[in-house]
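FYI, full-length UniProt numbering numbers position 46 of the sequence shown as 46, with every residue one higher than the one before it.
Everything below concerns the one structure shown next.
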Amino acid sequence: MTMKLYGVMRSPFVQSVVFTCYETDTEFELIPTENVVVRTPEFKAKLNPFGTMPALEDGDFTLFESRAISRYIASKADAQRAGNSLLGSTIEEQALVNVWIDVEAQTFFPPMKDAAIEWTYKLVPDAALVKSSLEKLGKILDIYEDQLTKHKYIAGDFFSLADIFNATLVYFYMRFSNPEQQGEFTNRPHVHAWLQSIYARPAWQKIIAIPETTDWSFLKKT
């Protein structure tokens with residue numbers, strides 16, 4: 001039975017799940033689901049009590065949260081095929097993948113989100129908050145740069161979910177930042193090369209070929 005994925009392609013969280021599906025050759029059906037739908041009592045009762053996207057329906061099994069969904073898809077793919085795993089191939093690799101997934105969610109994402117919300121949605125951005133967020137982001141990216149001088153990918157010399165989660169968020173962030181802000185990524189050669197290698201992957205190229213992926217018409221400043 002084909003999995004059903006609920007969400008919209010402009011969401012980086014939906015993109016990360018679709019990226020995982022493409023990388024693992026997992027069949028899925030995208031059910032376009034806007035925020036007004038995911039917040040309804042019906043959607044919350046059936047798929048995600050928190051009213052956010054994405055949500056997954058795999059037969060009688062349902063799941064929400066993009067990182068959990070992607071882990072589930074990767075685990076299921078590993079059980080059905082041989083080859084490289086997006087979760088890591090050894091216990092040690094799996095631990096490192098989990099480390100960098102946690103870093104992305106708890107350390108890397110928050111300052112990017114705070115800055116992006118200010119300059120994307122606010123008519124008058126909070127300059128102090130943007131400055132503080134970018135300073136935090138710069139320090140984090142210095143650590144990323146150091147890690148990527150030692151390894152091709154963020155968790156080691158193998159492509160993993162940690163790369164997928166980081167790169168999809170950066171792509172979204174870069175769409176709304178100016179050249180100076182983008183320089184936090186492009187001026188660090190190993191970070192820049194790492195991102196470019198991910199965006200060159202066939203799975204990612206399939207994602208950006210979908211028009212809805214780059215439809216930013218929903219943005220309205222207040």
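Quick reminder that beta carbons are idealized off the backbone N, C-alpha and C, glycines included.
Closest to residue i by C-alpha separation, out of the options, would be which residue?
i, options, result
"P211", "R201, M3, S197, V8", "V8"
"L195", "G59, Q181, Y153, R175", "Y153"
"I73", "Q205, F19, A95", "F19"
"K76", "V103, E27, P41, N98", "E27"
"P110", "P189, A95, K136", "K136"
"T33", "T24, Y22, R10", "R10"
"R201", "V170, K139, E23", "E23"
"E93", "F158, Y171, F185", "F158"
"F176", "Q205, E42, L129, Y121", "Y121"
"D78", "N35, C21, V36, L134", "C21"
"G138", "P125, R81, F185", "F185"
"D25", "G88, R81, V37", "R81"
"M53", "L87, Y6, A209", "Y6"
For my contact list, residue i and residue j are in at a C-beta cut-off of 8 Å; report their separation, rounded to the angstrom.
i, j, result
"F108", "N187", "At roughly 17 Å, the Cβ-Cβ gap does not stay under 8 Å, so F108 and N187 are not in contact."
"L148", "S70", "About 21 Å separates the two Cβ atoms, so there is no contact after all."
"T168", "P41", "That belief does not hold up - the Cβ atoms of T168 and P41 are roughly 29 Å apart, past 8 Å."
"G156", "L96", "6 Å"
"I198", "D163", "6 Å"
What are the partner residues of residue i, as DSSP defines its beta bridges?
i, result
"D58", "F61"
"E29", "K4"
"G156", "Y153"
With a threshold of 6 Å on Cβ separation, who are the neighbours of residue i within its own chain once the five nearest residues in sequence on each side are excluded?
i, result
"F64", "N48, A55"
"Y173", "M112, A116"
"K4", "E29, I31, E57"
"residue 254", "No answer is possible for residue 254: the residues shown for the chain start at 1 and end at 222."
If we ignore side chains and look at the alpha-carbon of each, how far apart do residue i and residue j end up?
i, j, result
"I31", "R39", "15 Å"
"E145", "E180", "18 Å"
"T222", "G83", "Because T222 carries a pLDDT of 48, less than 50, the predicted location of this residue cannot be relied on, and the following value inherits that uncertainty. The alpha-carbon atoms of T222 and G83 are separated by roughly 48 Å."
"H151", "V17", "24 Å"
"D60", "W100", "31 Å"
"S85", "D102", "18 Å"
"H190", "L141", "10 Å"
"G51", "H192", "35 Å"
"V170", "E118", "16 Å"
"V14", "A128", "31 Å"
"K131", "W204", "31 Å"
"N35", "T213", "16 Å"
"I91", "I143", "24 Å"
"N178", "S133", "15 Å"
"residue 261", "F43", "Given that the chain is displayed from residue 1 to residue 222, the structure contains no residue 261 and the question cannot be resolved."
"A209", "L87", "26 Å"
"S89", "A45", "36 Å"
Under 7 Å Cβ to Cβ from residue i, same chain only, skipping five residues before and after it: list those, please.
i, result
"A105", "R67"
"K220", "Caution applies to K220, whose pLDDT of 49 falls short of 50 and renders its modelled position unreliable; the value that the coordinates give is listed next. If we look at K220 and ignore the five residues flanking it on each side, it has no Cβ neighbours."
"D126", "E118"
"D114", "L129, S133"
Keeping to the same chain, check which residues put their C-beta closer than 8 Å to that of residue i; ignore five residues upstream and five downstream.
i, result
"T2", "E27, F28, E29"
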